[in-house]
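Trainee: So that we are looking at the same thing, I have put the structure below in structure tokens.
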Amino acid sequence: MRNTKRTVLVSKYDYYESFEEFPFNSEFNNTKEYLLKNNFSFTTTNDVIKELNEAQSKILNFWLVEQRKLLKAFDQTGLEDNYQNRNFLMKFYNESLNIYMKVVTQGFVPRILKAKIDFLKGDALLDIDKEVNLMHSWFTKAINDLINELYKQSGVYQQSETFNNQYQQYTYQQQKQSKMSDQFSDINWAYQTLGVNEKSTSDEIKKQYRKLAMTYHPDKNKTAEAKDKMVEINRAYQFLKSINKVN
């Protein structure tokens, strides 16, 4: 199960925000509570939460774009799909999650979430789009460094300046091979967990989610296996919502 539940201190304002949704996302409930307790209006508070959700969604999608490059690199190593090689690649996949978590904790929280409260209090200016683009550049560098390390350790290291050319020269023969990337794709995991695919519409995904809930929800099924399955289903559904696959 892809459990990444964390809490992060919002320094200066002395409260913790929860990041319970995969891969490391928040619904900003504690921020909402903080703003309301400090006499910000419901309208202002809701507008802030909307802005934070939009920024978070952009950051997540930027990360997914960069992570796909890593998954393509998994295929380009030419490694066979077996237990040993999956374990080898898993450490790079996990590091891509760590990269996302670090950008959220060291970038998003202080530079956007906290800075937004500073802005509301008149203590600072804030350009959210500029900050989001900065974090995109962090993802790009960190993932490219990770890909180079993957190539080095797998024996097919390429110089960074040739990576883009190699990325374009993805041959038919490679496509015929069992794709290691499929084993690590978070979007594939979410689709497979819900029993849908990339062509499924938002309404179809919602319908399938409700169908699964009727089978595995604790009110319908009291087994421990069903409880774990429902947690996984909820995580997959929330992940697709966070990347705007579900409206």
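Quick note: the sequence shown uses numbering that gives the first Met the number 0, first residue 0, plus one each step.
Note that the Cβ used here is the ideal one computed from N, Cα and C, for glycine as well.
1) Mind checking residue 251: buried by the 16 CB within 10 Å criterion, or exposed?
2) Straight-line CA distance for residue 17 to residue 54?
3) With DSSP as the reference, identify every bridge partner of residue 183, one or two as the case may be.
4) Cα separation between residue 126 and residue 70?
5) Would you tell me roughly how many angstroms separate the C-alpha atoms of residue 207 and residue 10, rounded to the nearest one?
6) State the beta-bridge partners of residue 9 as determined by DSSP.
7) Is the beta carbon of residue 57 less than 8 Å from the beta carbon of residue 131?
8) Going by DSSP, which residues form a beta bridge with residue 20?
9) Relative to the C-alpha of residue 247, which residue among 78, 21 and 60 is closest?
10) Taking just the CA atoms, how far does residue 45 sit from residue 103?
11) Distance check for residue 37 and residue 191, CA to CA, integer angstroms please.
12) In the DSSP assignment, find the alpha helix (DSSP H) that holds residue 44 and state where it starts and stops.
13) Give the DSSP-derived three-state secondary structure of residue 242 in the structure shown.
14) I believe residue 180 touches residue 74 by the beta-carbon criterion, under 8 Å. Please report the beta-carbon distance rounded to the nearest angstrom.
15) With DSSP as the reference, label residue 135 as helix, strand or coil.
16) To the nearest whole angstrom, what separates the beta carbons of residue 119 and residue 189, a pair I think is in contact under 8 Å?
17) Taking its Cβ as the centre, do 16 or more other Cβ atoms sit within 10 Å of residue 230, making it buried, or is it exposed?
18) Terminal residues of the continuous alpha helix (DSSP H) containing residue 94?
19) Could you check whether residue 149 and residue 76 sit closer than 8 Å to each other, using their CB atoms as the reference points?
Mentor: Quick answer:
1) Nothing about residue 251 can be read from this structure; the chain reaches only from 0 to 246.
2) 16 Å
3) According to DSSP, which records beta bridges pairwise, residue 183 is partnered with nothing at all.
4) 32 Å
5) 41 Å
6) 14
7) yes
8) 24
9) Nothing can be reported for residue 247: it is not among the residues displayed for the chain, which extend from 0 to 246.
10) 21 Å
11) 43 Å
12) 41-75
13) coil
14) 5 Å
15) helix
16) Incorrect: roughly 34 Å between the Cβ atoms, too far for contact.
17) exposed
18) 82-102
19) yes
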